[in-house]
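**Q** Numbers in the numbering used here are just positions in the sequence shown, counted from 1, shifted up by 1. Glycine included, every Cβ here is placed at the ideal spot set by N, Cα and C.
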Amino acid sequence: MKNKIFLTASLLDPDRNLKINNCNGSIFKILPQDYIEFLSQYGEGIYCNEVAVEYPDENNIPKTFKDYADLWEVDETFTAKDLLNAIQIGYSFNGDILCVTKDKKDKVFILPRHDIRVTSYDNFYEAINWLTGKWHDVKFYSPYFDGEHIEINLIKENKLKDINSIHNTFISEFNFDFSFDESTQPQYVLKSFGFWIRFDLIYKNAITIGYQKQFKNEIKYIIDRIEELSK
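Below, the structure is given as structure tokens:
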């Protein structure tokens, strides 16, 4: 099922359609249609801070796992041959691998990092929403295009800076277009500059900032202020 997706940037890769359509023809014809449409619309990036969505890679899985096929249980749903013919289309930050395989058109599989059971999905959206659905009510996507990020460590001279104070100051001083995950790791977005800032209110030790490089001068004043507050 497709969800409304909020983008953290207005500027997208102008070559995204060309890149997906230039895939090897034998690979292109087995890719799920919703995956093709997703990359054509948004390009590569990070879904809900959890899943990297990337162009097809037909080499990584066979090369990495050719001698480790016994890491997962295989059956008629996903065979050892399927593993060797698998094409990676993304991964989760927990180490799960999203893939398709040459003999099972339109199916999407997840090779889990912490389980031996390969799971099967009828489409791309079903797979990525399974990986993120229980954590994020709102779905959002951060395109890779022209992206850069920095992390501000709040541990200073063995003492931890008060992230709540910095967070509250940011909210009071700056405007933003929308926000996500306000109670755990709130992330605020200025879409026109591809800018976002995330406060880790769980571990309380870091602030992460992302932006599109061509707009760095436009958002420098925000970065400077956060760095000042974090000293």
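#1: From the DSSP output, which residues share a beta bridge with I153?
#2: Spatial neighbours of T9 within its chain, please: CB distance less than 6 Å, with the 5 preceding and 5 following residues excluded, ordered by chain position.
#3: With DSSP run on the structure shown, which of helix, strand or coil describes L112?
#4: Locate the beta strand (DSSP E) running through R118, then write down its first and last residues.
#5: Which ranges does the beta strand (DSSP E) cover as unbroken runs of at least 3 residues, wholly within the stretch 13-95, from first to last along the chain?
#6: If you follow the beta strand (DSSP E) that K140 is in, where does it begin and where does it stop?
#7: Which residue wins for smallest C-alpha separation from I167, given the options Y145, Y92, D201?
#8: For Q213, which beta-bridge partners are listed by DSSP?
#9: On a Cα-Cα basis, can you pick out the residue from P57, E45, Q89 that is closest to T65?
#10: Taking the Cβ atom as the reference point for each residue, do G44 and D71 lie within a distance shorter than 7 Å?
#11: Out of Q215, F216, S180, point me to the one whose CA is closest to R199's CA.
#12: Straight-line CA distance for F216 to T80?
#13: Using a Cβ-Cβ cut-off of 8 Å (strictly less than) and excluding sequence neighbours within five positions of Q213, which residues of its own chain qualify?
#14: Buried or exposed: where does Q188 fall if 16 or more other Cβ atoms within 10 Å of its Cβ makes it buried?
#15: Run through the DSSP bridge pairs and tell me what K160 is partnered with.
#16: Compute the distance between the beta-carbons of I111 and D123, then report whether it is under 7 Å.
#17: If you draw a straight line from the alpha carbon of S121 to that of V109, how long is it in whole angstroms?
#18: Would you kindly check if the distance between the Cβ of F125 and the Cβ of Y48 is under 7 Å?
#19: Given this structure, state the Cα-to-Cα distance separating E74 from R114, to the nearest angstrom.
#20: Exposed or buried, what is G91 when buried is set at 16 or more other beta-carbons lying within 10 Å of its beta-carbon?
#21: In the DSSP assignment, what are the bridge partners of Q186?
**A** Reading from the atomic positions:
#1: I208
#2: These residues qualify, in order along the chain: S143, V190, W197.
#3: strand
#4: Per DSSP, R118 belongs to no beta strand (DSSP E) and is neither H nor E.
#5: For the stretch 13-95, whole beta strand (DSSP E) runs of length 3 or above, ordered along the chain, are 46-48, 52-58, 87-93.
#6: 140-144
#7: When each option's Cα is compared against that of I167, the closest is D201.
#8: G148
#9: Q89
#10: no
#11: S180
#12: 47 Å
#13: A10, L12, F146, D147, G148, E149, F194, G195, F196
#14: buried
#15: Looking at the DSSP output, K160 sits in a beta bridge with K157.
#16: no
#17: 6 Å
#18: no
#19: So the two alpha carbons sit approximately 13 Å from each other.
#20: buried
#21: According to DSSP, which records beta bridges pairwise, Q186 is partnered with nothing at all.
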